[in-house]
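Per the working numbering, the very first residue in the sequence shown carries number 37; after that it's consecutive.
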Amino acid sequence: MSPMVEGLFQPLFPTSFLPLHPPPSSSSSPLHVPPPLKPKTPNNGFISRCYKRVCSQSLQLEAAQYSGLSSASISESYFPLPDWTRLIQFSIESKDLLLAQAIHGSLVKSSCEDAVFVDNNLVNVYSKFSKMADAQRVFDGMRVRNTVTWTTLMKGYLKNGDFESVFHIGREMYNLGEKFNEHTCSVVLQACKSPEDDIYGEQVHAFIIKNGLEDNVVVATSLVSMYSRSCQLGNAEKVFNGITVKDVQCINYMILEYGKAGLGHKAFQVFVELLNAGFKPNDYTFTNAISARDSSVGLYEGKQLHGLAVKYGYMGETPLGNALITMYGQHGMVKEAERMFVEMNERSLISWSAILSVFVKNGYAKKALNLFLDILENGVYVDSGCLCIILDGCSECNNLESGIQIHGLATKLGYASDVNIGTALIDLYAKWGCFRSARVVFDRLPSKTIASFNAILVGYLNSNFENEDSMVFFNNLRFNGVRPDSVTFSRLLSLYADQACLVGGKSLHAYTIKMGVEAESAVGNAMITMYAKCGSIQDAYKIFSTISHDCVTWNAIISAYSLHGEGNKAILLFEHMKEEGFPPDEITILAVLQACNYSGLWENGISLFNEMETKYGIKPVIEHFACTVDLLGRAGKLSKAMDFIRKSPFVDSPLLWRTLVNACKLCGDLEIGTSASKKLLDLAPNDASSYILVSNMYAEGGMMEEAAKVRTAMNDLKLIKETGSSWIEVDNEVHFFIASDRDHPESREIYANLDLLRDEINSGLIAHSCSDNLICKDQECCD
């Protein structure tokens, strides 16, 4: 025997755990059995009818009546031993523990319990009712045990989640020389739930091979499941491919595991092989195949599976309907998903959650909220998963009020400490700037996950808290054993980028290297943006040159050069992006338009805007129109900018007119500026920033009376503009300030230097310069 097989279960089952009792002696403590129910004395005709109904597994009412007379009114002659097992089985199916206990009591009194197959059924019935102490006592009291006895007890512990007991009983069974059958091996394999159990699963696999059970479909299916759970899909594949005769259940397992691993193309391939081999798929086959995740298996394959499911007549199955709802939703086919939901014969909570998720993820969050109200009005029970989905919907449609109400509902239903709901609430409050509410929810969570930590980071990004606060918070979480992931680092880097904190950003960069995540796309892209916003375009390009590229990476580096006013380099990077096979998206186009704007390349920008739909198939959104208006305005083409706005689909957007007014202020064109200002104030009568912009335009143009009128109108409406703020990092310290701030202890020196700098600029000693050198494809942008 090999060392692996010789040591089967040896490290797994400590001998001190759960000792098995020997057959009881006269001195053993008696088995506790509940007393039989008080007997009734009906006539023999009734007994006969009741016996027949119970033995045919019929009416539960008569079964309950029977249970009252089983111990005294009927002798063993009326009930052959096989019929006792049928009665026990009936108690399981009727979920009647009292009936099972009454039958047990009758067996003890009639001395029928010594029959091994009857005792096996008693072990089974107590296991089904999660009464494992009673099941163990029946097992310990048995004088004769067989393989079924051991396997039944192990199944009971497995069902009740006591995996250590499964291993212990398997160890005892092996040591006593009891024979393992395919079901015994299957139970032990199913108990291997954690990565620490991998070695035990492999030992059982060796035992299976030694005993020639590897081709048994029950055993093989359990092996496939065990290896898949331990992320050893290669071994699962080997086991599956080695099965000589497969059945539908085994194939379903393999499809399921491929789907979980994101290998939808392989799941679909197994499904096709199943059809070619002449197997008839069942509803679980379709459900697993449709649920498989893989970008290479798209809508076409999903529709094929849907059509076959209709052909085989499985569309009445609720799990299949749920899978189809999710599949259509993932491909943006909301109407198809909704049609599937409406046509379902029966809906489970999963069905409602699936359609809610489809609405939320496809931009129909308000529709999801209305449907959720219908769910509550119809009395459908909602769980934590359903509440998480609808909270995400509140975030998507900016409905804080509904989110607060759902927070109250979650608390009422007892989900206040649920970590997933807590994370969704943190995300909602953080996005709305309610940082303190988000922090209260976070602090009250009994256990923190990396997802909840990442959600609270959004609060730091949207609030005025300094980066020191976020880093102290980050370090506390790290010391408490929460391991940061790529999302954590990308959000922290974004925080440093927004605060232009280069020293902190570099420290975090070093930590990403230590954690081995610096090459991950999300982290690399965030580092490019951080270095660019902190003024280090050279470091941004170094990061770009060392990581793998995707569309987001290209957008980040193009935006970086755009931010630094190097329009020509941004345009050349845009060309390189297309040459490498990355089609631009709307963010790419916006970044290039901004680069053209900051660099005065207005003709290039207009040309790109005109090509958006015709060449790239991208429909311009309001940000593209606003950038183009600014592009024309800064180039002094104010009349063209005015015509451009009037012809755009966003002619009534205050953003476009505000952009034009600002351009008129810069160019000193009060004629067009006055016309644009009237339009702006008509569209945004309650926006303080618009009044201030118009007033400043008039003031800089020398029209002080008009400027005063605008200020007066603003004051009459009691509009107040939020004070602007900024910050700068000097000697590893961040200094926060607002406009005309005199609170800084060195404010005199600061303003003196500002005056000196202004004088030097006005005298022409400092001139803006921008390198027009193009990027050579074979040479780095920044050396």
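Just so you know, even glycine gets a beta-carbon here, dropped at the ideal spot from N, CA and C.
Note that the structure is a prediction, hence the values are computed from the model and not measured.
Starting from residue i, follow its DSSP beta bridges and name the residues at the other end.
{"i": "ILE764", "result": "HIS771"}
For a quick check, are the C-beta atoms of residue i and residue j less than 8 Å apart?
{"i": "VAL306", "j": "TYR294", "result": "yes"}
{"i": "LYS215", "j": "THR188", "result": "no"}
{"i": "VAL159", "j": "GLY197", "result": "no"}
{"i": "VAL284", "j": "LEU259", "result": "no"}
{"i": "ILE642", "j": "LEU674", "result": "no"}
{"i": "TRP590", "j": "MET563", "result": "no"}
{"i": "SER420", "j": "CYS430", "result": "no"}
{"i": "PHE2", "j": "THR624", "result": "In this structure the chain extends from 37 to 819, so residue 2 is not present and cannot be described."}
{"i": "ILE279", "j": "THR321", "result": "no"}
{"i": "ILE607", "j": "ASN640", "result": "yes"}
{"i": "ARG527", "j": "LEU497", "result": "yes"}
{"i": "LEU637", "j": "ILE658", "result": "no"}
{"i": "VAL523", "j": "ASN561", "result": "no"}
{"i": "ILE594", "j": "GLU622", "result": "no"}
{"i": "MET750", "j": "ALA775", "result": "no"}
{"i": "ARG383", "j": "THR354", "result": "yes"}
{"i": "CYS422", "j": "LEU445", "result": "no"}
In whole angstroms, what is the alpha-carbon distance linking residue i and residue j?
{"i": "GLY248", "j": "THR323", "result": "33 Å"}
{"i": "ALA829", "j": "GLY458", "result": "The structure shown does not extend to residue 829, since the chain spans only 37 to 819, so no value can be given for it."}
{"i": "PRO656", "j": "VAL697", "result": "22 Å"}
{"i": "ILE14", "j": "LYS164", "result": "No information on residue 14 is available, as it lies outside the stretch 37 to 819 that the chain covers here."}
{"i": "MET739", "j": "MET678", "result": "22 Å"}
{"i": "GLY737", "j": "LEU706", "result": "7 Å"}
{"i": "HIS5", "j": "ARG519", "result": "With the chain running from 37 to 819 in the structure shown, residue 5 is simply not present."}
{"i": "THR650", "j": "PRO619", "result": "14 Å"}
{"i": "ALA404", "j": "ASN456", "result": "19 Å"}
{"i": "ARG179", "j": "ASN157", "result": "15 Å"}
{"i": "ILE205", "j": "PHE199", "result": "10 Å"}
{"i": "GLN268", "j": "SER557", "result": "26 Å"}
{"i": "LEU299", "j": "GLU273", "result": "12 Å"}
{"i": "LYS296", "j": "SER261", "result": "11 Å"}
{"i": "VAL223", "j": "VAL202", "result": "8 Å"}
{"i": "GLY541", "j": "VAL559", "result": "12 Å"}
{"i": "LEU105", "j": "ASP155", "result": "In this prediction, LEU105 scores a pLDDT of 41, lower than 50, which makes its location untrustworthy; the coordinate-derived value is nonetheless stated afterwards. Approximately 21 Å, taken between the alpha carbons."}
{"i": "GLU796", "j": "LYS701", "result": "24 Å"}
{"i": "GLU741", "j": "GLU647", "result": "44 Å"}
{"i": "MET380", "j": "ALA373", "result": "11 Å"}
{"i": "PRO58", "j": "VAL152", "result": "Here the model assigns PRO58 a pLDDT of 36, short of 50, so the residue's position is not dependable and the matter cannot be decided."}
{"i": "LEU335", "j": "THR362", "result": "12 Å"}
{"i": "LYS448", "j": "ILE440", "result": "13 Å"}
{"i": "LYS757", "j": "ARG265", "result": "58 Å"}
{"i": "GLY141", "j": "LEU134", "result": "10 Å"}
Short of 6 Å in beta carbon distance, which residues of its chain neighbour residue i, apart from the five on each side in sequence? Order them along the chain.
{"i": "ASN271", "result": "TYR263"}
{"i": "SER64", "result": "Residue confidence for SER64 is low, a pLDDT of 37 falling below 50, so the modelled location carries little weight; the figure read from the coordinates is stated next. Excluding positions up to five away in sequence, the list is empty."}
{"i": "THR565", "result": "ALA533 and ALA592"}
{"i": "THR695", "result": "ALA662, VAL665 and ASP666"}
{"i": "LYS683", "result": "none"}
{"i": "SER713", "result": "VAL697 and VAL730"}
Ignore the nearest five residues each way along the sequence and tell me which others in residue i's own chain have a CB closer than 7 Å to its CB.
{"i": "ALA491", "result": "THR459, ILE462, ASP463 and ALA466"}
{"i": "SER598", "result": "ALA606, ALA627, GLN630, ALA631 and TYR634"}
{"i": "ILE411", "result": "TRP388 and VAL418"}
{"i": "GLY603", "result": "ALA631, CYS632, TYR634, SER635 and LEU637"}
{"i": "ILE425", "result": "SER389, LEU392, SER393 and VAL396"}
{"i": "SER799", "result": "none"}
Please go through the same chain and pick out, in chain order, the residues whose beta-carbon is closer than 8 Å to the beta-carbon of residue i, but skip the five residues on each side of it.
{"i": "LEU356", "result": "ASP319, PHE322, THR323, ILE326, ALA345 and TYR350"}
{"i": "GLU816", "result": "Low confidence applies here, because GLU816 scores a pLDDT of 38, under 50, leaving its location unreliable and the question unanswered by this model."}
{"i": "ASP251", "result": "GLY278, ILE279, THR280 and VAL281"}
{"i": "PHE377", "result": "GLY357, ILE361, ARG383, SER387, ALA390 and ILE391"}
- request: At 3 residues or longer, and completely inside the segment 128-213: list those beta strand (DSSP E) runs for me, N to C.
  value: You should have found no qualifying run.
- request: Quick one: which unbroken beta strand (DSSP E) runs of 3-plus residues sit fully inside the segment 329-380? Chain order, please.
  value: Within the segment 329-380, no complete beta strand (DSSP E) run reaches 3 residues.
Start-end ranges of the alpha helix (DSSP H) lying completely within the segment 260-285, minimum 4 residues: If we require 4 residues or more, the alpha helix (DSSP H) runs fully inside the segment 260-285 come out as 269-277.
query: Taking only runs of the alpha helix (DSSP H) that begin and end inside the segment 571-637, which ones reach a length of at least 4 residues, in chain order?
result: Fully enclosed alpha helix (DSSP H) runs of 4 or longer: 573-582, 587-599, 603-615 and 622-634.
task: Taking only runs that begin and end inside the segment 472-549, name each unbroken alpha helix (DSSP H) of 4 or more residues, in chain order.
output: Whole alpha helix (DSSP H) segments, 4+ residues: 486-498, 503-515 and 522-534.
- request: Return the chain-ordered ranges of every beta strand (DSSP E) run that is complete within the segment 441-474 and spans a minimum of 3 residues.
  value: You should have found no qualifying run.
- request: Could you name each continuous alpha helix (DSSP H) segment of 4 residues or more that falls completely within the segment 671-706, going from the start of the chain to the end?
  value: Taken in chain order, the complete alpha helix (DSSP H) segments of 4 residues or longer contained in the segment 671-706 are 674-683 and 690-703.
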